[in-house]
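Comments concern the structure below.
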Amino acid sequence: MTDWNERYTRGDTPWEKGRAAPPLLELFSRTDPGLWGCGPILVPGCGTGHDVRALATLGLPILGLDLAEEAVSRADAYAKVAHETYAHGDFLDPLWRRGKSFSAIWEHTCYCAINPARRPDYAESCAELIQSGGHLIGVFYLTPNQPGEEHQGPPFNATIDELDARFSPWFTREDGWVPENSYPGREGQEWIGIYRRK
Ligand SMILES: C[S@@+](CC[C@H](N)C(=O)[O-])C[C@H]1O[C@@H](n2cnc3c(N)ncnc32)[C@H](O)[C@@H]1O
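So the sequence shown is numbered by this note's numbering: it starts at 20 and just counts up by one.
Structure follows, in structure tokens:
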């Protein structure tokens with residue numbers, strides 16, 4: 020099992036790019052801000068919070084959540100953009116999600132970081148946390164591993180069919196496309212999916 024906190028303290032964080040995910044900025048330019056609802060928005064596995072700070076420009080309350088205390092404390096040390104906050108916790112823990120409700124979840128490299136055996140728990144968390152009519156909006160890192168090495172990870176591979184099947188009990192997919200903008204090295208390996216909570 021990955022010790023995420025230890026990876027931050029050791030500096031073994033190849034996912035840390037120092038800026039928000041380019042597909043998130045692409046989403047802002049292609050979609051209506053109303054997509055995100057009235058807030059709050061949750062960013063599970065927020066790392067040091069670059070996406071959280073980009074989302075904060077929407078003016079809605081944003082909560083960045085991470086399992087690694089070190090990531091949360093680094094995220095929290097940045098100057099605040101607007102109404103963003105951070106919490107240390109486990110997105111898959113039913114106790115953490117109890118009583119909480121969000122108009123949207125932004126997914127970026129949390130799904131691929133979680134062991135595939137726990138993906139049903141990830142989907143259940145999304146279903147429980149997102150209000151009816153709200154959205155799960157994500158850039159899913161589909162192919163971090165080469166063919167034949169899919170089970171090496173994290174990160175772990177995913178497919179669009181798997182994602183559609185995974186979320187379909189609770190969500191209807193509204194849109195999906197391969198982003199034109201990615202971090203160098205991830206071009207063509209990511210997919211933006213927009214799912215609406217039934
Ligand atoms: C690959 S990193 C990506 C971080 C951030 N999204 C980014 O792109 O910089 C995966 C993150 O998910 C966090 N994480 C893994 N499992 C988690 C869980 N069950 N609940 C909350 N965070 C989790 C890790 O601590 C780590 O910060």
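Ideal Cβ placement from N, Cα and C applies to all residues, glycine included.
- Three or more Cβ pairs drawn from the segment 96 to 113 and the segment 54 to 72 lie within less than 8 Å of each other, which places the two stretches in contact.
- In the three-state reduction of the DSSP assignment, G157 falls in the strand class, which pools E and B.
- Residue range E103 to H107 is occupied by the beta strand (DSSP E) that includes T104.
- Our two residues, V91 and K99, have alpha carbons roughly 14 Å apart in a direct line.
- Here L74 has L43, W55, I60, V62, I81, E103 and W125 as same chain residues with Cβ atoms under 8 Å from its own Cβ, once five neighbours each way along the sequence are excluded.
- Taking 8 Å as the cut-off, one finds at least one heavy atom of ligand 1 near enough to the beta carbon of Y27.
- A straight-line Cα-Cα distance of about 28 Å links G53 and R138.
- In the same chain as T32, and ignoring 5 residues on each side of it, the C-beta atoms closer than 8 Å to its own belong to R26 and G66, in chain order.
- D180 and I133 have their C-alpha atoms roughly 18 Å apart.
- A straight line joining the alpha-carbon of F121 with that of E45 spans about 22 Å.
- By the neighbour-count criterion, in which 16 or more other beta carbons inside 10 Å mark a residue as buried, G152 falls on the exposed side.
- If you compare the alpha carbons of I213, W34 and Q208 with that of H154, the shortest gap goes to I213.
- Closer than 8 Å to some heavy atom of ligand 1: that describes the Cβ of D70.
- Annotated as proximal: Y160 and E209, with beta-carbon spacing under 9 Å.
- In this structure, N176 has its beta carbon at no less than 8 Å from each heavy atom of ligand 1.
- Counting the other CB atoms within 10 Å of its CB gives L182 a total of 16 or more, which places it among the buried residues.
- S122: not part of any alpha helix (DSSP H); member of the beta strand (DSSP E) spanning F121 to H127, first to last residue.
- An exposed status is given to T21, since fewer than 16 other beta-carbon atoms sit within 10 Å of its beta-carbon.
- Nearest neighbour of L86 by Cα position, chosen from W115, Y97 and L79, turns out to be W115.
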